[in-house]
Structure formats: C-alpha cells, structure tokens
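Undergrad: Submitted below is the structure of interest, expressed as structure tokens.
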Amino acid sequence: MTVIALAGNKGGSGKTTLAINLAAALARRGKVVLLDTDPQGSCVHWYNATDGDAPVQVHAAADDVDGAVRDNCDTSDYLLIDCPPSVNATQTLAALSLADKVLIPVVPSPLDIWAGLHVEPVLRQVMTHNPALQAMLVINQLEPQTRLSQLVRQALDELGLPTATTALRRRMAYRRAMLEGRSVLDMGKRGTEAAREIEQLIAELVD
Ligand SMILES: Nc1ncnc2c1ncn2[C@@H]1O[C@H](COP(=O)(O)OP(=O)(O)OP(=O)(O)O)[C@@H](O)[C@H]1O
Ligand SMILES: [Mg+2]
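Listed below in structure tokens is the structure:
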C-alpha cells in the first residue's frame, strides 16, 4: 500500500484536482481510497457529483486523519490524502506523518512560489519521525507561452525540493471534469491531453 498526500501552503494550487485525477488513474492499477481531510470537503462534493459510478471510494476524514488511514490501509493499494491549504494544519501534519509521498502543486506565479518557501522546513521537521517521506513539487496550470511559466522551474529550485518533470498545463478539461463528476480519464477526446499528463505524472511517481 502506498500513501500519497496532496499538500501545500497555498489555496487553489490544484491539490484537489490532482488528488481526484491521480486517484482515478491509479484505480486502473489497484484499489484506491481517497481521503478528504479538508473541511471544505471538495473531494466529497466531487464524489457526490459522480452519481455512484466513481472509480474510487472517497471518505470525509477532516476530523480523524489517523483513524481514516488506519481503517483503509489494509484494504487499499493506494491511499490518497487531499489536505487543506496549509502545511501547518492539523490534518496536513497528520497526513504527512503517515505518507510515503507528498506532492505539492505549485502554480507559476510569484505569490504561489513564495507560499512554497514555508513547505520545506515543515517537511524537514516531519521527516524527523517519518524519514522515508518523499516530497515532490508539481507545476500546475502551466501556460508554456508565458514568461512566468518559462521561468518557474528555475524559481522552484529555491524551494529546496525536487520538481516533477511532468507539469500539468492549464486546461479546461480539468474544470469540466470536476463539473461533470468525472476524472479527465473519462472525458473521451476532450480529456486526452490532460489524461496523458496525469499518466506521465503517475509514471514518475509510482512506476
Ligand atoms: N491544470 C488546471 N487547469 C485548469 N484549471 C485548473 C487546473 N488545476 C486546477 N484548476 C482549477 O483551479 C481551481 C483550484 O483548484 P483546486 O481546487 O484543485 O485547488 P486546491 O489546491 O485543492 O484548492 P484549496 O486549497 O482551496 O483546497 C479549481 O477551480 C480547479 O478547477
Ligand atoms: Mg482542495
């Protein structure tokens, strides 16, 4: 069983979008449970929009992250944990303590990158009791033609964490999929490019 947390210190960076789409893609490899530890409950909202045909189970777990991990770790191959937008939140710290990997999405914008500066010291602290934790930044909402996107990899080097080779572009498919209660893998032609980048990210992450 592999526990993958989606965390970060910035709202709207793409934690939930990644959690849902990675969960759906990993469900083609094994049993996946997605724990929603954000009191906003975005994954649960998505799950309710799937009308019962989601490829993964989603559980609200903001009140007891440890218990939810314990309850689901023996029965799933992949446990994904969507965290609230602060690395110091109780739920995030609990998730990081139990995770094998943490992905930190970052949007190519100075405010998002500055928010990321607070992540590495917290991870270092967590790793004193979870030394096997592997962390990776993931560029999200990339717009390759813009200067900010062209400079983002260099800027992320300042954060002291490795950056995934795969970046997710800003694509309507991610938003539409959420609205339709699907993942980008179930959008047919409309989701082809997005699904490809999700699969590429998984290849970097687990294959
Ligand atoms: N690659 C993308 N392309 C287009 N839209 C995106 C992409 N990633 C995320 N979004 C949109 O950006 C917004 C924020 O994404 P999301 O809710 O996944 O971020 P979050 O980090 O979970 O936010 P929060 O911190 O509030 O939980 C959403 O409207 C989502 O649909
Ligand atoms: Mg979220």
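The numbering used here puts the sequence shown at residues 601 to 807.
For each residue, glycine too, the CB sits at the ideal point set by N, CA and C.
If you're wondering where the values come from, they're calculated on a predicted model, not measured in any experiment.
#1: Thr598 and Ala654: beta carbons closer than 9 Å?
#2: To the nearest angstrom, how far is the alpha carbon of Tyr678 from that of Ala627?
#3: Between the alpha carbons of Pro762 and Gln657, how many angstroms are there, rounded?
#4: As a quick exercise: from Val687, Trp714, Arg771 and Gln691, pick the residue whose alpha carbon is nearest that of Leu635.
#5: Just verifying my parser: in three-state terms, what is the DSSP assignment at Met736?
#6: What is the residue span of the beta strand (DSSP E) that Ala660 lies within?
#7: Should the region 731 to 744 be called in touch with the region 764 to 775, which here means at least 3 C-beta pairs below 8 Å?
#8: Identify whether Ala605 lies in helix, strand or coil by the three-state DSSP scheme.
#9: Short check: CB of His718 to CB of Val687, under 9 Å?
#10: Counting C-beta neighbours from all protein chains within 10 Å, is the total for Gly652 16 or more, i.e. buried, or is it exposed?
#11: Out of Thr602, Gln800 and Gly608, which has the shortest C-alpha to C-alpha gap to Pro721?
#12: Determine the DSSP secondary structure at Leu717, reduced to helix, strand or coil.
#13: Any heavy atom of ligand 1 closer than 8 Å to the Cβ of Thr637?
#14: Using a Cβ distance threshold of 8 Å, determine whether the region 601 to 616 contacts the region 695 to 712, with at least three qualifying pairs required.
#15: With a threshold of 7 Å on Cβ separation, who are the neighbours of Leu748 within its own chain once the five nearest residues in sequence on each side are excluded?
#16: Less than 8 Å between C-beta atoms, sequence neighbours within five positions excluded: which residues of the same chain meet that for Gln734?
#17: Going along the chain, which residues of its own chain have a beta-carbon closer than 7 Å to the beta-carbon of Gly781, five neighbours each way excluded?
#18: Taking 8 Å as the cut-off, does the CB of Asp700 come closer than this to any heavy atom belonging to ligand 2?
#19: Could you pull out every unbroken alpha helix (DSSP H) segment of at least 4 residues lying fully inside the region 649 to 688, listed in chain order?
#20: Can you determine whether any heavy atom of ligand 2 sits closer than 8 Å to the C-beta of Thr616, and answer yes or no?
TA: Looking at the coordinates:
#1: The structure shown does not extend to residue 598, since the chain is modelled only from 601 through 807, so no value can be given for it.
#2: Distance from the CA atom of Tyr678 to the CA atom of Ala627, rounded to whole angstroms, is 8 Å.
#3: 30 Å
#4: Cα-wise, what sits closest to Leu635 is Gln691.
#5: strand
#6: From DSSP, the beta strand (DSSP E) with Ala660 extends over Gln657 to Ala660.
#7: Yes, the region 731 to 744 is in contact with the region 764 to 775.
#8: strand
#9: At the C-beta level, His718 and Val687 come within 9 Å of one another.
#10: exposed
#11: Gly608
#12: Reduced to three states, the DSSP call for Leu717 is coil.
#13: no
#14: yes
#15: Pro708 and Ser709.
#16: These residues qualify, in order along the chain: Asp700, Lys701 and Val702.
#17: Trp646, Ala649, Thr650 and Asp651
#18: Incorrect: Asp700 has no Cβ contact closer than 8 Å to ligand 2.
#19: 665 to 673
#20: Yes - ligand 2 has a heavy atom lying nearer than 8 Å to the Cβ of Thr616.
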